[in-house]
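Visitor: Residue numbering for the sequence shown follows the working numbering, starting at 272 and increasing by one per position.
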Amino acid sequence: MEITGKSKIMFVLADPVDHVRASAVLNAYFAGIGEDVATSPLHVRPDDLPAVVGAIRHMNNVVGFGVTIPHKVAIAALLDEISQNARLIGAVNFVKRTRDGRLVGDNMDAPGFISALLNRGCTISGKRVLQLGAGGAGRATALAMAQARAAELWISNRDPVKAQALADAIQALHPETKVTAGADTAENFDLIVNTTSLGMLSDDPLPIDVSGISNTTVVYDIIVNPPVTRLMVTAAARGAVTIGGKAMLDEQMALVADFIRR
Ligand SMILES: NC(=O)c1ccc[n+]([C@@H]2O[C@H](COP(=O)([O-])OP(=O)(O)OC[C@H]3O[C@@H](n4cnc5c(N)ncnc54)[C@H](OP(=O)(O)O)[C@@H]3O)[C@@H](O)[C@H]2O)c1
272 MEITGKSKIM FVLADPVDHV RASAVLNAYF AGIGEDVATS PLHVRPDDLP AVVGAIRHMN
332 NVVGFGVTIP HKVAIAALLD EISQNARLIG AVNFVKRTRD GRLVGDNMDA PGFISALLNR
392 GCTISGKRVL QLGAGGAGRA TALAMAQARA AELWISNRDP VKAQALADAI QALHPETKVT
452 AGADTAENFD LIVNTTSLGM LSDDPLPIDV SGISNTTVVY DIIVNPPVTR LMVTAAARGA
512 VTIGGKAMLD EQMALVADFI RR
């Protein structure tokens, strides 16, 4: 990659920084579509976030930046505007810098998650859905599935209090979807979404008892690494259609590209 004075510059703000892969994914994506955009990770400690964000406002070749752990919540107060979805999810994961230095935050998890499903011909409207996990990504996917008019959304989590809190929040926003905390079996669901981190390590247990999964189930594991999780392998062996987290990540890249062109 050749970075010149004509390149558009992006950052990924993180602490710690050594696990960050989003910058490499963004660079590969922009190289692939022939856009002159270069992205670098920036190691920013929480106390320094306001100063760094203030400085970025004055960097005229910066078009935006990704935000990851631990800044996704704290960043909101430092921006000029955030999208309604980012507000509802309670986290920003991408910020656009406009030509006049305004900073506009959004959350790409929800639309990226839905686009990857739609691209595979899977719709959510009227479906019975089970979501495993109620963490940061789970907030986005639950909201996205209610916005896409799932008939029933079940949310199961290791910490049941968090599952209940997320179910209550989504139910209040979307009364047309029946939202329930619980469901320990995978039976009779059209779509099962894993948003827990179970599956990232090779010796992790499966996030759910898979005996109810059949060839009418779609299993979507949003874990990016490994690209094919044990849940996906096991579900595919039972005839299910499976989707991995890289599809969701790739869709987010396309959305970021659109976002910084606007
Ligand atoms: N494909 C994409 O574009 C994309 C985007 C964002 C995230 N992700 C992936 O999604 C996963 C979750 O990310 P996140 O940001 O939501 O993390 P997070 O906020 O830390 O949430 C982690 C979730 O996993 C559950 N969990 C963790 N360890 C567990 C265990 N041992 N047993 C059962 N449940 C466990 C947590 O349950 P408790 O609430 O009980 O702790 C929580 O629901 C990660 O693998 C991440 O890489 C993918």
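Cβ coordinates follow ideal geometry from the N, Cα and C atoms, glycine included.
What you are looking at is a predicted structure, and each value in this text was computed from that prediction instead of being measured.
Which residue comes first and which comes last in the beta strand (DSSP E) that contains G337?
Guide: On the sequence shown, position 66 is the one that residue 337 refers to. From DSSP, the beta strand (DSSP E) with G337 extends over 333 to 338.
Visitor: Could you check what DSSP says for D521 in three-state terms: helix, strand or coil?
Guide: By one-based count along the sequence shown, residue 521 stands at place 250. Reduced to three states, the DSSP call for D521 is helix.
Visitor: Exposed or buried, which one is E522 when buried takes at least 16 other CB atoms within 10 Å?
Guide: Working through the sequence shown from its first residue, we reach residue 522 at position 251. With 16 or more other Cβ atoms within 10 Å, it is buried.
Visitor: Please determine whether the Cβ atom of K343 lies at a distance below 6 Å from any heavy atom of ligand 1.
Guide: For the purposes of this step, residue 343 is taken as residue 72 along the sequence shown, with counting starting at 1. Not so, every heavy atom of ligand 1 lies at least 6 Å from the Cβ.
Visitor: Output needed for S294: all residues of its chain with C-beta closer than 7 Å, excluding positions within five of it in sequence on either side, in chain order.
Guide: For the purposes of this step, residue 294 is taken as the residue at position 23 of the sequence shown. Within the same chain, S294 has close Cβ partners V283, T310, S311, P312.
Visitor: Look up T500 in the DSSP assignment and say whether it is helix, strand or coil.
Guide: As a first step, residue 500 must be located in the sequence shown, where it is residue number 229. Here T500 sits in coil by DSSP.
Visitor: Taking DSSP's pairing of strands, which residues face A285 in a bridge?
Guide: Against the sequence shown, residue 285 aligns to sequence position 14. DSSP output for A285 lists H314 as bridge partner(s).
Visitor: Please classify R410: is it buried, with 16 or more other beta-carbons within 10 angstroms of its beta-carbon, or exposed?
Guide: Stepping through the sequence shown from its first residue, residue 410 is reached at position 139. Buried: at least 16 other Cβ atoms inside 10 Å.
Visitor: Okay, do the segment 368 to 385 and the segment 345 to 353 touch, 3+ Cβ pairs below 8 Å being the bar?
Guide: yes
Visitor: Taking any heavy atom of ligand 1 as the mark, which residues have a C-beta closer than 6 Å to it, listed down the chain?
Guide: D380, G383, G404, A405, G406, G407, A408, G409, N428, R429, D430, K433, T466, T467, S468, L469, M471, I493, I494, V495, G516, M519, L520, Q523
Visitor: Could you compute how far the alpha carbon of L424 sits from the alpha carbon of N356?
Guide: For the purposes of this step, residue 424 is taken as the residue at position 153 of the sequence shown. For the purposes of this step, residue 356 is taken as the residue at position 85 of the sequence shown. Taking the straight line joining both Cα atoms gives about 18 Å.
Visitor: Roughly how many angstroms lie between the CA atoms of M524 and P446, to the nearest whole one?
Guide: Against the sequence shown, residue 524 aligns to sequence position 253. Against the sequence shown, residue 446 aligns to sequence position 175. In a straight line, the C-alpha of M524 is about 31 Å away from that of P446.
Visitor: If we call anything under 7 Å between Cβ atoms a contact, is V527 one with T513?
Guide: In the sequence shown, counting from the first residue as 1, residue 527 sits at position 256. In the sequence shown, counting from the first residue as 1, residue 513 sits at position 242. Cβ distance not < 7 Å, so V527 and T513 don't count as in contact.
Visitor: Could you check where the alpha helix (DSSP H) with F301 kicks off and where it finishes?
Guide: The count along the sequence shown starts at 1 and reaches residue 301 at position 30. Per DSSP, F301 belongs to the alpha helix (DSSP H) from 293 to 303.
Visitor: Can you tell me whether L268 is helix, strand or coil according to DSSP?
Guide: This structure does not reach residue 268, given that the chain is present from 272 up to 533, and the question cannot be answered.
Visitor: Roughly how many whole angstroms lie between the Cα atoms of M379 and F365?
Guide: Translated into the one-based positions of the sequence shown, residue 379 becomes position 108. Translated into the one-based positions of the sequence shown, residue 365 becomes position 94. Those two C-alpha atoms are separated by around 7 Å.
Visitor: Considering only residues of the segment 394 to 448, which uninterrupted alpha helix (DSSP H) runs meet the minimum length of 4 residues and lie entirely inside it, listed in chain order?
Guide: 407 to 418, 431 to 444
Visitor: Using C-beta distances below 6 Å, list every residue in its chain close to A511, excluding the 5 sequence neighbours before and after it, in chain order.
Guide: Working through the sequence shown from its first residue, we reach residue 511 at position 240. Same-chain partners within the cutoff: I484, T488, V490.
Visitor: Determine the contact status of L444 and S427, defining contact as a CB-CB distance below 7 Å.
Guide: The count along the sequence shown starts at 1 and reaches residue 444 at position 173. The count along the sequence shown starts at 1 and reaches residue 427 at position 156. Result no, Cβ atoms of L444 and S427 do not sit closer than 7 Å.
Visitor: Which residues does DSSP pair with D377 in a beta bridge?
Guide: Here the question's residue 377 lines up with position 106 in the sequence shown. DSSP output for D377 lists F365 as bridge partner(s).
Visitor: Exposed or buried, L502, counting other C-beta atoms within 10 Å across all chains shown (16 or more means buried)?
Guide: Walking along the sequence shown from the start, residue 502 turns up at place 231. With 16 or more other Cβ atoms within 10 Å, it is buried.
Visitor: Would you mind working out which of A347, T275, F460, T412 sits nearest D307, comparing C-alpha positions?
Guide: Locating residue 307 in the sequence shown gives position 36, counting from the first residue. Of the listed residues, the one whose Cα sits closest to D307 is T275.
Visitor: Would you decide whether I395 is buried or exposed? Buried here means 16 or more other CB atoms lie within 10 Å of its CB.
Guide: Taking the first residue of the sequence shown as 1, we reach residue 395 at position 124. So I395 ends up on the buried side.
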